[in-house]
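Protein chains in written order, with the working numbering: chain P, 241 to 635; chain S, 12 to 124.
All remarks here apply to the structure that follows.
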Amino acid sequence: MIGRRTLFSGASATVALTSLVSSQMAQAAQTLDKVTNTGPRGADGRLKRLATLDLESQQDFTLGFRLMQAKKIRTASNNLFERIIATKGVDPASQITMEQLRELVDDEPAFNLAQKSWLANQQITWKTLRDHFHAHEEVYLGEMEAADKTGPGKLELNPNFDIPAYARHEIHIQPGGYVGDPYAGYIYHYGTNSFYISVIGHNEQDQIHKATAGRLPLPADGKVKRILDMGCGVGQLTLALKERFPDAEVWGIDAGGPMVRYAHMRANGLNNGANFAQRMAENTGFPDGYFDLVTSYIVHHELPAEITRKVIAEAQRVTRPGGVYYPIDFMSGGTKGTPKGMYSRWWDHRWNNEVWSLEYHSINFTDEIAARGFEIQKNAAAALPGFGVRHAVRA
Amino acid sequence: MAETKSERQTFAAEAIPSDVKNGVFLGNPVMDNLVSCMIAMGTELWATKRRMKVIEAVMEKKGITQKMIEQYVPTETEKVAWEQDRDRFIDLTLGPLGDDGFRAPGSDFPKRG
Numbered sequence: 241m242i243g244r245r246t247l248f249s250g251a252s253a254t255v256a257l258t259s260l261v262s263s264q265m266a267q268a269a270q271t272l273d274k275v276t277n278t279g280p281r282g283a284d285g286r287l288k289r290l291a292t293l294d295l296e297s298q299q300d301f302t303l304g305f306r307l308m309q310a311k312k313i314r315t316a317s318n319n320l321f322e323r324i325i326a327t328k329g330v331d332p333a334s335q336i337t338m339e340q341l342r343e344l345v346d347d348e349p350a351f352n353l354a355q356k357s358w359l360a361n362q363q364i365t366w367k368t369l370r371d372h373f374h375a376h377e378e379v380y381l382g383e384m385e386a387a388d389k390t391g392p393g394k395l396e397l398n399p400n401f402d403i404p405a406y407a408r409h410e411i412h413i414q415p416g417g418y419v420g421d422p423y424a425g426y427i428y429h430y431g432t433n434s435f436y437i438s439v440i441g442h443n444e445q446d447q448i449h450k451a452t453a454g455r456l457p458l459p460a461d462g463k464v465k466r467i468l469d470m471g472c473g474v475g476q477l478t479l480a481l482k483e484r485f486p487d488a489e490v491w492g493i494d495a496g497g498p499m500v501r502y503a504h505m506r507a508n509g510l511n512n513g514a515n516f517a518q519r520m521a522e523n524t525g526f527p528d529g530y531f532d533l534v535t536s537y538i539v540h541h542e543l544p545a546e547i548t549r550k551v552i553a554e555a556q557r558v559t560r561p562g563g564v565y566y567p568i569d570f571m572s573g574g575t576k577g578t579p580k581g582m583y584s585r586w587w588d589h590r591w592n593n594e595v596w597s598l599e600y601h602s603i604n605f606t607d608e609i610a611a612r613g614f615e616i617q618k619n620a621a622a623a624l625p626g627f628g629v630r631h632a633v634r635a
Numbered sequence: 012m013a014e015t016k017s018e019r020q021t022f023a024a025e026a027i028p029s030d031v032k033n034g035v036f037l038g039n040p041v042m043d044n045l046v047s048c049m050i051a052m053g054t055e056l057w058a059t060k061r062r063m064k065v066i067e068a069v070m071e072k073k074g075i076t077q078k079m080i081e082q083y084v085p086t087e088t089e090k091v092a093w094e095q096d097r098d099r100f101i102d103l104t105l106g107p108l109g110d111d112g113f114r115a116p117g118s119d120f121p122k123r124g
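Structure follows, in C-alpha cells:
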C-alpha cells in the first residue's frame, strides 16, 4: 500500500498520484488483508467506512444524483405528467385505470427520462457495491465466517433452507435480492443509506431505527422480556431494540441467510447481544405466546397478501396475551388515487421490482390484523412517522 | 448469483432476476443505454474529483496549500501540452455532437468513385 508518508516523502506528487490511481484495487486487496473490527479505512461511528475511497465516492455520487433527481428531475417530470394527461383531456384529480395511464405516458421520452435516469442511478449504486464485495471474497466471506460462531448473540443458519419463490425476487433491483448474493447484507446496508437520506433522513448511525425502536409501545404491564423482529434484514431495528431493552432476549429472523449473517457480524462488532436466525416469518418455530413484543420493519409490502395473512397469524401465535404486535409498513388499503399517485405506485412495483407492493396496497393491513386475534389501539402514535400506525394488542 | 470463486458456504439461494435491463423508456434502447453510460461516467468522474479533493487536503497538511495550487503558473511547455490535452479531451467527449448522421442502418454504401 502507498501510505501517506510514502506518498509525500520525496517522490514527486505527480508520480505518486499516478501510482495511487492506477493501483487502487491492488491497494484495496492489500489493505483488506486484515480483518479488523473497523475495516481498512476505519469507522464513522457505527458504520464501517467503505473499504476504498473510490467506492465511497461512487456511493456519494449516486446519493447526490438521487437528491437532485428528487428535487429537480422528478418535479419537472411530475409537471410534465400533469400536462400530458391534461392535454389528453384527463382531470388530474380523476381516477382512471392504470392501463389508461400507461398508454398516456408510455411514449413520452421527456417524462420517461426521469424514470430511466433514476433506474440507471439505482443500478450503479448496486453494481459498484456488488463488484467490490465480490472482488474481495476472501476478506468479506472470511470476516463473516469468523463471526459466525462468536457472540455475544447467537446465529442460526440453514444451508438447506427452503426459500419460497415469493421471497427470491430482486427487490429494489438489488442484484440477487435479499437471498441470492453472499454479500446481500453488505450491499443492502450500504446501498440503502442513500435511500434514507433522500427520503426520510440520515440513517448511517441507525438513527431512524433507533428512534423507531424508541417509539414502539410497551405492553400495558410493562413487561418486555422477549422481542421478535420479523423479516429483520440486516438487523438495524433488531439491534436498536436490544439497545433499548438490554436485558431482553431479542431475535431477528429473515429468509435471507446472507442478511442475518451480516446482521450477526455487525451485532458482534457493536457488542450487541441480539440473536439472528434464518427463518420464515410465517413459520418462526418459536413457542406459543413466547414474545412480549413482535414487530417488523417495512416488510409486509414485500409479501404476497396471502403470506401477510399467514405472518399475522404467526405473530398472533407467538405473542403472549397482552403482548404488543406493531408491524411497521406503508399505509395500505388504497387501490384508487390520483393519476400521478397511482402511476408512481405502479411504476415502483414494475420497475423498482416491488413485486408484491400492489397486493399489499390492495388489502387493508390494519383490518387484516384486527381480524386475527388482535385489538387495534385507537389514537396510537406512529412508530415511524409517515407510515401506518398499527399498535395491536394480543387478545 | 449464489456462486463464489470458492466452494465455501454462502447461505445464498437462487434469486429470481428482475428484467430491468430489458426496459426501454426512451423509445430506443440506444437512448436508454446512453443515459446509463452518462450516469456511470458521472459516477467515475465524481470519484476522481473527490479523490483530488482528498489529495489536496492531504497536501495542504503537508505544506502544499490551496493557494499555491491556485496561483501556480504553468511554464510555456506545460501550456502547450495542456492545451493539446484539453483539445483531445473535448474532441473525445463532445466531438460526437458534431457527427452528421443521416444514413439509416439498412442503407447501402454511398456511390464512390
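Even glycine gets a Cβ: it sits at the ideal position worked out from N, Cα and C.
| query | result |
| --- | --- |
| Take every Cβ of the region 30–38 of chain S, pair it with every Cβ of the region 350–370 of chain P, and state whether three or more of those distances are shorter than 8 Å. | yes |
| Run the proximity test for MET470/P: is its beta-carbon closer than 6 Å to any non-hydrogen atom belonging to the ligand COA? | Of ligands this structure carries none, so the ligand COA is not represented either. |
| Against chain S, does ARG501/P count as a neighbour if the rule is that its beta carbon must be under 7 Å from one of theirs? | yes |
| Taking all protein chains shown into account, decide if ILE101/S is buried (16 or more other Cβ within 10 angstroms of its Cβ) or exposed. | exposed |
| Figure out for me which residue from VAL474/P, LEU510/P, ASP607/P has the closest Cα to the Cα of ALA283/P. | LEU510/P |
| Suppose you measure from the CA of LEU260/P to the CA of VAL91/S; what does that come to, to the nearest Å? | Residue placement at LEU260/P is flagged as unreliable, the pLDDT there being 34, under the threshold of 50; the coordinate-derived value follows with that caveat. Cα to Cα, LEU260/P sits roughly 26 Å from VAL91/S. |
| Is it buried or exposed for TRP591/P, if we count other Cβ within 10 angstroms and need 16 for buried? | buried |
| Residues in its own chain within less than 8 Å of VAL558/P by CB, not counting five upstream and five downstream? | LEU468, THR524, PHE526, PRO527, ASP528, GLY529, TYR530, PHE531, VAL534 |
| Taking only three categories from DSSP, how would you classify LYS463/P? | coil |
| Compute the beta-carbon to beta-carbon distance between ASN604/P and GLY573/P, rounded to the nearest angstrom, for a pair I have assumed lies under 8 Å. | 4 Å |
| Let me know the secondary structure DSSP gives ASN318/P once reduced to three states. | helix |
| How about ILE364/P: is its C-beta nearer than 7 Å to some C-beta of chain S? | yes |
| Per the DSSP calculation, LEU212/S is bridged to which residue(s)? | Within the shown structure, residues of chain S are numbered from 12 to 124, placing residue 212/S beyond reach of any answer. |
| With DSSP as the reference, label ASN361/P as helix, strand or coil. | helix |
| Are the beta-carbon atoms belonging to LEU479/P and ALA623/P less than 7 Å from one another? | no |
| Name, please, each residue of chain P whose Cβ falls closer than 8 Å to the Cβ of PRO116/S. | Residues of chain P passing the Cβ test: none, with the nearest at roughly 20 Å. |
| Which residues in chain P have a C-beta closer than 8 Å to the C-beta of ALA23/S? List them in chain order. | GLY416, VAL419, GLY420, ASP421, PRO422, ALA424, GLY497, PRO498 |
| Suppose you measure from the CA of ASN44/S to the CA of ASN318/P; what does that come to, to the nearest Å? | 23 Å |
| Using 7 Å as the threshold, is the C-beta distance between TRP596/P and PRO544/P below it? | yes |
| Comparing alpha-carbon positions, which option in ALA405/P, ALA620/P, GLN445/P, ASP371/P lies nearest LEU287/P? | GLN445/P |
| Which residues in chain S have a C-beta closer than 7 Å to the C-beta of GLN298/P? List them in chain order. | THR54, ALA58 |
| Would you report the Cα separation of TYR600/P and ILE50/S, rounded to the nearest angstrom? | 32 Å |
| Can you give me, in chain order, the residues of the region 380–407 of chain P that have a beta carbon less than 7 Å from any beta carbon in chain S? | LEU381, LEU397, PRO399, ILE403, ALA405 |
| Have a look at GLY497/P, PRO280/P, ASN512/P and flag the residue whose alpha-carbon is nearest the alpha-carbon of ALA407/P. | GLY497/P |
| List, in order along the chain, the chain P residues whose C-beta lies closer than 7 Å to that of PHE36/S? | ASN352, GLN355, LYS356 |
| Taking LEU303/P as the reference, which of GLY391/P, GLY628/P, PHE435/P has the closest Cα? | PHE435/P |
| Please classify PRO625/P: does DSSP put it in a helix, a strand, or coil? | coil |
| Which ranges does the alpha helix (DSSP H) cover as unbroken runs of at least 4 residues, wholly within the region 379–410 of chain P, from first to last along the chain? | none |
| Using 7 Å as the limit for Cβ to Cβ distance, is PHE301/P near chain S? | yes |
| Which bits of chain P does ARG19/S rub up against, with CB to CB less than 7 Å? | LEU381 |
| Opposite TYR537/P in the DSSP bridges: which residues? | ILE568/P |
| To which residues of the same chain is ASP300/P closer than 8 Å at the C-beta, ignoring the five residues directly before and after it? | none |
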